[in-house]
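Trainee: To start, I am sharing the structure in question, which I have written as structure tokens.
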Ligand code: NAD
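In the numbering used here, the protein residues as written are 6 to 386.
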């Protein structure tokens, strides 16, 4: 089977006013490998239709529910090739399971599920179905995150000794969930979000970035989770100490009450010989500092970058790439993996693209952080 057409994507979520659904559409379509053709964009049939109209898809393919979308698309000769999940967290497992049972591959937004138990169930469903499952940990798609990962793997920094990751946002500094702010409302509701608030929403990205770049594993953690804004049911501010394989240790700070911050995700990794620093709000530069040498700033698209970083760079130097392009890198890898799978390749996802293992690992992190906070103690992974 050859990639002689665009892959057809069906979206769940992404209705009027949604944040990440439209980003998925832009990113999936950026490289010309995928087209959005169907969706159950909202829990309201009317709003799903309105979204379908704004996305310019065939009105007959804007469905009232994800169950209907899967059933109807299965009947079509030109039915969807995969489902993308861009809903609140409590729907990630049921939608993924319904797609997998119907034989349809899945691309899901993070966190993989609402709870760790659900993640284990999802892992079984993925393995039983034998279908590709990708997870959009967006930051894994940046060229200079790939460069940082290659630099750690090269051994040039020496053994990794320390990691410091921070993910700071300020948008939940006030109880905007009580004012009808849609994104805040479900994130504050344990039934829709799961038990980890800030730790599950953005802490999980920070955790993934640490393990993705260093290729080390967190082995134990001591975490403190607080709900700073009065009345809030889930945590909005988190501090954690990490112990990692290879005798490394680190800190992970995630906060959504860091007033004035927007999306300040920063990773620092310290080895015996030097260190690296990458910041999401300045994503086209990677700072590399040497114990016995001058500091380097590596720029996206620099010919000197590792092949894995150059492979995901689209533009010549000085033409900034960002969030949508990083998302699109994950979609490009997923599309290539889908064609490989259609051609008979088992386990086609490349190691650079987060999949179900990363999903389970992230949910384990959230569950461990909650347990550590509850028991005020170190917990093993
Ligand atoms: P949102 O509230 O803006 O959008 C959620 C959408 O899902 C809405 O359109 C809502 O109508 C729809 N929906 C709810 N129930 C539905 C149902 N039964 N059927 C169909 N649609 C339904 O939320 P968001 O901020 O876009 O977050 C969505 C998901 O994306 C979350 O899991 C979140 O963690 C994740 N996310 C990931 C990133 C990233 O960087 N990868 C960034 C933001 C959000």
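Quick reminder that beta carbons are idealized off the backbone N, C-alpha and C, glycines included.
1. Out of curiosity, what's the CA-to-CA distance linking residue 252 and residue 246?
2. When every heavy atom of the ligand NAD is checked, does at least one fall within less than 7 Å of the C-beta of residue 191?
3. Return the first residue and the last residue of the alpha helix (DSSP H) that residue 154 is part of.
4. Who are the Cβ neighbours of residue 179 in its own chain at under 8 Å, not counting the five residues just before and after it?
5. Any heavy atom of the ligand NAD closer than 7 Å to the beta-carbon of residue 96?
6. Quick test of your reading: residue 267 and residue 286, contact by CB under 8 Å. State the CB separation rounded to the nearest angstrom.
7. Among the residues of its own chain, which have a CB less than 6 Å from the CB of residue 314, if the five just before and after it don't count?
8. Three Cβ pairs or more, each shorter than 8 Å: is that satisfied between the region 187-201 and the region 300-307?
9. Is the beta carbon of residue 333 sitting closer than 8 Å to the one on residue 32?
10. Count the other C-beta atoms from every protein chain shown that fall within 10 angstroms of the C-beta of residue 195, then say buried if there are 16 or more, exposed otherwise.
11. Taking 7 Å as the cut-off, is the C-beta of residue 71 nearer than that to any heavy atom in the ligand NAD?
12. If you follow the alpha helix (DSSP H) that residue 26 is in, where does it begin and where does it stop?
13. Please tell me whether residue 353 and residue 363 are closer than 8 Å, where the distance is taken between their beta carbons.
14. How should residue 2 be labelled, buried or exposed, when 16 other C-beta atoms within 10 angstroms of its C-beta is the threshold for buried?
15. Is residue 290 buried or exposed, if buried means 16 or more other CB atoms sit within 10 Å of its CB?
16. Determine the direct distance from the alpha carbon of residue 269 to that of residue 4, and round the result to whole angstroms.
17. For residue 72, collect the residues of the same chain with a Cβ closer than 6 Å to its Cβ; drop the 5 residues on either side in sequence, then sort them by chain order.
18. My parser needs the alpha helix (DSSP H) runs of 4 or more residues fully inside the region 88-127; what are they?
19. Just mark residue 348 as buried or exposed, buried being the case when its beta carbon has 16 or more other beta carbons within 10 Å.
20. Using the DSSP secondary-structure output, state which residues sit across from residue 13 in a beta bridge.
21. Rounded to whole angstroms, what's the CA-CA distance from residue 68 to residue 19? Just pull it up for me.
22. Runs of 4 residues minimum, wholly inside the region 218-273: which ones carry the alpha helix (DSSP H) assignment?
23. Just verifying my parser: in three-state terms, what is the DSSP assignment at residue 59?
24. Is the separation between the beta-carbon of residue 166 and that of residue 276 shorter than 8 Å?
25. Which runs of the alpha helix (DSSP H) fall wholly inside the region 276-351 and span at least 4 residues, in chain order?
26. Measuring only from the beta carbon, is residue 201 closer than 7 Å to any heavy atom that is part of the ligand SAM?
Mentor: Result, derived from the coordinates:
1. Taking the first residue of the chain shown as 1, we reach residue 252 at position 247. Taking the first residue of the chain shown as 1, we reach residue 246 at position 241. Rounded to whole angstroms, the gap between the alpha carbons of residue 252 and residue 246 is 13 Å.
2. Locating residue 191 in the chain shown gives position 186, where the first residue counts as 1. Yes, Cβ of residue 191 sits closer than 7 Å to a heavy atom of the ligand NAD.
3. If you number the chain shown from 1, residue 154 lands on position 149. It spans 148-159 - the alpha helix (DSSP H) in which residue 154 sits, taken as one unbroken run.
4. Working through the chain shown from its first residue, we reach residue 179 at position 174. The answer, listed in chain order, is 234.
5. Position 91 of the chain shown, counted from the first residue, corresponds to residue 96. With a cut-off of 7 Å, the C-beta of residue 96 is classified as near the ligand NAD, since at least one heavy atom of the ligand falls inside that distance.
6. Locating residue 267 in the chain shown gives position 262, counting from the first residue. Locating residue 286 in the chain shown gives position 281, counting from the first residue. With 8 Å as the limit, residue 267 and residue 286 qualify as a contact, their Cβ atoms being about 7 Å apart.
7. Taking the first residue of the chain shown as 1, we reach residue 314 at position 309. Result list for residue 314: 148, 151, 152, in chain order.
8. At 8 Å Cβ cutoff, the stretches do not touch.
9. Counting from one through the chain shown, the residue named residue 333 turns up at place 328. Counting from one through the chain shown, the residue named residue 32 turns up at place 27. Contact check for residue 333 against residue 32 passes: the beta carbons are separated by less than 8 Å.
10. For the purposes of this step, residue 195 is identified with residue 190 of the chain shown, where counting begins at 1. Of the other Cβ atoms in all chains shown, fewer than 16 fall within 10 Å of the Cβ of residue 195; this residue is therefore exposed.
11. If you number the chain shown from 1, residue 71 lands on position 66. Judged by the Cβ position, residue 71 qualifies as a neighbour of the ligand NAD at the 7 Å threshold, a heavy atom of the ligand being closer than this.
12. Stepping through the chain shown from its first residue, residue 26 is reached at position 21. That run of the alpha helix (DSSP H) goes 25-35.
13. Here residue 353 is taken as the residue at index 348 of the chain shown, counted from 1. Here residue 363 is taken as the residue at index 358 of the chain shown, counted from 1. No. Outside cutoff.
14. Nothing can be reported for residue 2: it is not among the residues displayed for the chain, which extend from 6 to 386.
15. Mapped onto the chain shown, residue 290 falls at position 285. Exposed, since its Cβ has fewer than 16 Cβ neighbours within 10 Å.
16. No information on residue 4 is available, as it lies outside the stretch 6 to 386 that the chain covers here.
17. Against the chain shown, residue 72 aligns to sequence position 67. Nothing meets the Cβ criterion.
18. As far as the region 88-127 is concerned, its whole alpha helix (DSSP H) runs of at least 4 residues are 97-106.
19. Translated into the one-based positions of the chain shown, residue 348 becomes position 343. Looking at its Cβ environment, which holds fewer than 16 other Cβ atoms inside 10 Å, residue 348 is exposed.
20. On the chain shown, residue 13 is found 8 positions in, with the first residue counted as 1. Paired residue(s): 40.
21. Stepping through the chain shown from its first residue, residue 68 is reached at position 63. Stepping through the chain shown from its first residue, residue 19 is reached at position 14. In this model, residue 68 and residue 19 are separated by some 13 Å (Cα to Cα).
22. Within the region 218-273, no complete alpha helix (DSSP H) run reaches 4 residues.
23. Position 54 of the chain shown holds residue 59. If DSSP states are grouped into helix, strand and coil, residue 59 belongs with the helices.
24. Along the chain shown, read from residue 1 onward, the residue named residue 166 stands at position 161. Along the chain shown, read from residue 1 onward, the residue named residue 276 stands at position 271. With contacts defined as CB atoms closer than 8 Å, residue 166 and residue 276 qualify as a contacting pair.
25. Entirely contained in the region 276-351, the alpha helix (DSSP H) runs reaching 4 residues are, in chain order, 312-315, 328-347.
26. What this structure holds is the ligand NAD, not the ligand SAM.
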